[in-house]
Amino acid sequence: MPTNGVPTKITQGSGTKGGIGESTLRPDGTLKVTGEFAYSSDMWHEDMLWGQILRSTVAHAEIVSIDTSKALATPGVYAVMTYDDLPTDVKNYGLEIQDTPVLAHGKVRHHGEPVAIVAADHPETARRAAARIRVEYRDLPVVTDEASALAPDAVLVHEARDDHHIGHVPHPNVVHRQPIVRGDVEAARRRADVIVEGEYTFGMQDQAFLGPESGLAVPEEDGGVHLYIATQWLHSDLRQMAPVLGLPEDKVRMTLAGVGGAFGGREDLSMQIHACLLALRTGKPVKIVYNRFESFFGHVHRHPAKLYYEHGATREGKLTHVKCRIVLDGGAYASASPAVVGNASSLGIGPYVVDDVEIEALALYTNNPPCGAMRGFGAVQACFAYEAQMDKLAERLGMDPVELRQLNAMEQGALMPTGQPVDSPAPVAELLRRVKAMPMPPERQWESSEGADVRQLPGGLSNTTHGEGVVRGVGYAVGIKNVGFSEGFDDYSTARVRMEVAGGEPVATVHTAMAEVGQGGVTVHAQIARTELGVTQVTIHPADTRVGSAGSTSASRQTYVTGGAVRNACELVREKVLELGRRRFGSYHPAWATAELLLEGGKVVTDGGEVLADLADVLGDEAVEVEEEWRHRPTEPFDLRTGQGNGHVQYSFAAHRAVVEVDTELGLVKVIELACAQDVGKALNPLSVIGQIQGGTTQGLGVAVMEEIVVDPKTAKVRNPSFTDYLIPTILDTPTIPVDVLELADDHAPYGLRGVGEAPTLSSTPAVLAAIRNATGLELNRTPVRPEHLTGTG
Amino acid sequence: MRLNFTVNGRPQEADDVWEGESLLYVLRERLGLPGSKNACEQGECGSCTVRLDGVPVCSCLVAAGQAEGREVVTVEGLADFARQRAEGCGTGACGTSLQKARRWEARGTDSQTGEGTDLAPVQQAFLDAGAVQCGFCTPGLLVAADEMLERNPNPTDADIREALSGNLCRCTGYEKIMDAVRLAAARQSEGV
Chain A
1 MPTNGVPTKI TQGSGTKGGI GESTLRPDGT LKVTGEFAYS SDMWHEDMLW
51 GQILRSTVAH AEIVSIDTSK ALATPGVYAV MTYDDLPTDV KNYGLEIQDT
101 PVLAHGKVRH HGEPVAIVAA DHPETARRAA ARIRVEYRDL PVVTDEASAL
151 APDAVLVHEA RDDHHIGHVP HPNVVHRQPI VRGDVEAARR RADVIVEGEY
201 TFGMQDQAFL GPESGLAVPE EDGGVHLYIA TQWLHSDLRQ MAPVLGLPED
251 KVRMTLAGVG GAFGGREDLS MQIHACLLAL RTGKPVKIVY NRFESFFGHV
301 HRHPAKLYYE HGATREGKLT HVKCRIVLDG GAYASASPAV VGNASSLGIG
351 PYVVDDVEIE ALALYTNNPP CGAMRGFGAV QACFAYEAQM DKLAERLGMD
401 PVELRQLNAM EQGALMPTGQ PVDSPAPVAE LLRRVKAMPM PPERQWESSE
451 GADVRQLPGG LSNTTHGEGV VRGVGYAVGI KNVGFSEGFD DYSTARVRME
501 VAGGEPVATV HTAMAEVGQG GVTVHAQIAR TELGVTQVTI HPADTRVGSA
551 GSTSASRQTY VTGGAVRNAC ELVREKVLEL GRRRFGSYHP AWATAELLLE
601 GGKVVTDGGE VLADLADVLG DEAVEVEEEW RHRPTEPFDL RTGQGNGHVQ
651 YSFAAHRAVV EVDTELGLVK VIELACAQDV GKALNPLSVI GQIQGGTTQG
701 LGVAVMEEIV VDPKTAKVRN PSFTDYLIPT ILDTPTIPVD VLELADDHAP
751 YGLRGVGEAP TLSSTPAVLA AIRNATGLEL NRTPVRPEHL TGTG
Chain B
1 MRLNFTVNGR PQEADDVWEG ESLLYVLRER LGLPGSKNAC EQGECGSCTV
51 RLDGVPVCSC LVAAGQAEGR EVVTVEGLAD FARQRAEGCG TGACGTSLQK
101 ARRWEARGTD SQTGEGTDLA PVQQAFLDAG AVQCGFCTPG LLVAADEMLE
151 RNPNPTDADI REALSGNLCR CTGYEKIMDA VRLAAARQSE GV
């Protein structure tokens, strides 16, 4: 067993400037502050056309007819395409289950489903032409929740399923179901002195990345197409696109354009196939850019959920058992629902030691908007509920909520409900201790010599209170998230690293297909190359499909997996460079054969610090290049009946303390401070790590107090697809976020690092809810909390 | 219609502008200045913030025709604008003196990373403080923050939050943006 918390020893590169562990600045930073960074929506081509998608105005209906004649007759229109114009027999796509039509055929299953596409010479012409397409719908009954999905006479969202989940689901309107059973809950329940139950509701959250879905498809002379695109995973897109386009994968070239945020919302395809179809049809470059309204329909959302929990404990506060049922609304198409179910179930009781558990998680097919990946991926919904339960239990037992958590906190060596041992540091109690030990923000900060500063009060500049009716509350929460793709998925990354002399200096070039979506992977790759190759000059090659897959920029996995691939490729390059050196200079100095050699500061040195040669001399005119795939430890699927299995690669943990002030008369909440402590294993770039934690924390705050896509329960239509009606936190809504970063190495991971991006999104929401409960004494079983829930008027 | 206005100190002319086009569309699609971003097209997110005769506006909500004869500063012109302001040319439209033009030489900028580019102090502060992640909100925030620091060189935290409350950011949680603006203000007052 590796020693708990000893940082990985790094010898190679520890003397090179700008290597891992330093807060080096982003290589794309200057372009981003000058406006020159080319995002997907900035792409431009001579003679390019603009594409527009016509989307369904109803949620569930048969398509009786589509009349495109008026659109085709519009001056400036080059093409109009419907299902009938698709070039091959492959007309669906999907991440795991190919159930999503490129263009609707015969029926639509959710509000905003693509029905037809138009290309024209001006975006407004394309929009107007699309509006002139006449689609006649015949309404079908809508499936909107568990009751309507699983009723004996329920309408089936997908009539003829043949996917690999259909054999084990209880109903064709269930995408996937995962039970997890360990121990004997009935027996454990008899040992419980206290049992608390709760029903919780989690609203539908949107990723709300600022750069809307967009890209430019350029037809190529060989009949292929080149797509410049904002995505999270180039090769996954390619695999889904090529069969629909009827092209071999090598004729669909993909280059990553600038990505304006992702958060899971770009895991699925959006306009990729549509733009390529129009480009191939017209022979002209076609650009598609969604506006914000369309973006709300153009990507999957975070699954809304109903969660039912029972926790039991002894008088002393030891958990006896947990029983829970998590019902996720997957909407009309599968997207990532099966994997979200796997996470919600396997992480469903949180970072606690419980021997007797019964967990069930499932995702429904409904006619609501499709749901899939969003930061936290199934673990977020569960954390909101189990942390509310822990507070409820603490109250019933008369215990401090942090102490109750610490008493039941898992440590390294604990078993997950899946039976998987946690074999790296799990500092759950320590993170809670740290976040609790942070200094509290002073009371009544709004008071000043000039009266109340309303900007620091609930209601802000609306000037609704000067402190009257304002009550403070404090809440805590902790969460557990898996890192990397789980359940037996072959989750590899590829890196190509090249070293050569340019301008008299050794330069490393790192080429991967990793989607830089803002997280700073490009910064970290350059740092790894400097550390491993002892150079200062590193060029990050644009990401494209001319190199092997880097997997998805999701699941907090890129620094671990593509970072691991870059390190691995650098190590191989280093060996080749040293081999070259031995061939060229080995006879001049015995240390070439006997000493451990390092690359430092552009030189080959012995581990004793003696310089043997300049890298530039070793390389001469030669370039050393390596392209290699790299894999983390394999995982295995969860058993379909018991949920047992070593399904996850790594776990990550974060804890939050929220301090809120609530205007109890108007139900307005001001989050005063949201402190976070997180274990990151090893902070490769501390500045970026803190940025990830603060950003994730803020998305958790959003879904605590404001963010929710509202879907009409009668029509399944989206009611608030705009930033006017779907609110995300502004700088006024966001408090200070002090961060305490713990670095306990995971010896299975490169440099001991732990995936960072998602864990802070989990515990932020329940901490804010706990603080509001603490301030108001209300039960609050749903998120987001709206004013009417606090004033009893809702 | 034909549109004549000044962008980043240079007179610009755009022909065949459709009356429904926004100032943002003309900047991005007709003048080759895509730095101002389109993220909501309804004035909620601030990503398209530019200065119109000195006033920060959401260029997505300004009809192109409204810019006729006026002066616009975008993120692409922010460094020049800040330099000229520092040199005492408040409007940013002073242009380049003959003497300066004679001294001009090509900068050794790196075409891939932009290294070596002249930056406004607020741009440098955003880089140094880690305020840029995906960067889509950055141009609008920079224009808004620069304008605030021009008006209020020593802002309190509450002042900064109020001034930037019209600019949404989804990546950073705003903490590093606060750090960046504080840093720019501190450097400005120290004369760095």
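Going down the list, the sequences are from chains A and B.
Throughout the first sequence, residue numbering follows my numbering, covering 1 to 794 in sequence.
Throughout the second sequence, residue numbering follows my numbering, covering 1 to 192 in sequence.
The C-beta atom is built at its ideal place from N, Cα and C for all residues, glycine as well.
Residue-level contact by beta carbon fails for residue 23 of chain B and chain A, as no gap is shorter than 9 Å.
Closer than 9 Å at the C-beta level to chain B, one finds these residues of the segment 23 to 36 of chain A: 23, 25, 26, 27, 28, 29, 30, 31, 32, 33, 34, 35, 36. In chain order, 77, 80, 118, 129, 130, 132, 133 place their CB closer than 7 Å to the CB of residue 71 of chain A, counting only its own chain and leaving out the 5 sequence neighbours on each side. Taking a Cβ-Cβ threshold of 7 Å, the residues of chain A close to residue 132 of chain B are 26, 29, 32, 33, in chain order. By the criterion of at least three beta-carbon pairs nearer than 8 Å, the segment 748 to 760 of chain A is in contact with the segment 551 to 570 of chain A.
Residue-level contact check: residue 699 of chain A touches chain B, since one or more beta carbons of chain B fall below 9 Å from its beta carbon. Bounds of the beta strand (DSSP E) holding residue 477 of chain A are 470 to 483. When the five nearest sequence neighbours on each side are left out, the beta carbons in the same chain lying within less than 6 Å of the beta carbon of residue 126 of chain A are those of 50, 52, 118, 120, in order along the chain. Inclusion of residue 259 of chain A and residue 253 of chain A in the CB contact set at 9 Å is not warranted, their separation being larger than that value. For the segment 159 to 188 of chain A, the set of residues with a beta-carbon nearer than 7 Å to any beta-carbon of chain B is empty. Per DSSP, the unbroken beta strand (DSSP E) holding residue 65 of chain A starts and ends at 61 to 67. Minimum Cα-Cα distance from residue 579 of chain A among the listed residues A:409, A:592, A:570 corresponds to A:592. Taking a Cβ-Cβ threshold of 9 Å, none of the residues of chain A is close to residue 154 of chain B; the smallest such distance is about 16 Å. Taking all protein chains in view, the Cβ of residue 160 of chain A is surrounded by fewer than 16 other Cβ atoms within 10 Å, so the residue is classified as exposed.
For residue 746 of chain A, the closest of A:765, A:724, A:649 by C-alpha to C-alpha distance is A:649.
By a beta-carbon distance limit of 8 Å, residue 694 of chain A contacts residue 173 of chain B. Their separation comes to about 3 Å.
Taking all protein chains in view, the Cβ of residue 17 of chain A is surrounded by fewer than 16 other Cβ atoms within 10 Å, so the residue is classified as exposed. Secondary-structure assignment with DSSP links residue 653 of chain A through a beta bridge to A:480. The Cβ atoms of residue 301 of chain A and residue 372 of chain A lie closer than 9 Å to each other. Closest option to residue 325 of chain A, judged by alpha-carbon separation, among A:345, A:124, A:319: A:345. Counted as a single uninterrupted DSSP element, the beta strand (DSSP E) harbouring residue 625 of chain A occupies residues 624 to 631. Residue pairing by DSSP places residue 5 of chain B opposite B:12 in a beta bridge.
Annotated three-state conformation of residue 195 of chain A is strand, per DSSP. Taking 4 residues as the shortest admissible run, the segment 148 to 193 of chain A contains the following complete alpha helix (DSSP H) segments, listed from N- to C-terminal end: 185 to 191. For residue 544 of chain A, none of the residues of chain B pass the 8 Å Cβ criterion, the least Cβ distance being about 15 Å.
For residue 47 of chain B, the C-beta contacts it makes with chain A under 8 Å involve 210, in order along the chain. Taking the Cα positions, residue 113 of chain A is about 8 Å away from residue 297 of chain A.
Taking the beta carbon of residue 137 of chain B as reference, the chain A residues within 8 Å of it are 210, listed in sequence order.
For residue 617 of chain A, there is no enclosing beta strand (DSSP E); the enclosing alpha helix (DSSP H) has its first and last residue at 615 to 619. Judged by DSSP in its simplified three-state form, residue 56 of chain B adopts strand. The C-beta distance from residue 759 of chain A to residue 699 of chain A rounds to 12 Å, too long to fall under 8 Å, and the pair is not in contact. In the three-state DSSP reduction, residue 26 of chain A falls in the coil class, being neither helix nor strand. The straight-line gap separating the alpha-carbon atoms of residue 211 of chain A and residue 21 of chain A is approximately 30 Å. Contact annotation: the segment 26 to 37 of chain A touches the segment 29 to 48 of chain B, with at least three C-beta pairs closer than 8 Å. The Cβ-Cβ distance between residue 201 of chain A and residue 307 of chain A falls below 9 Å.
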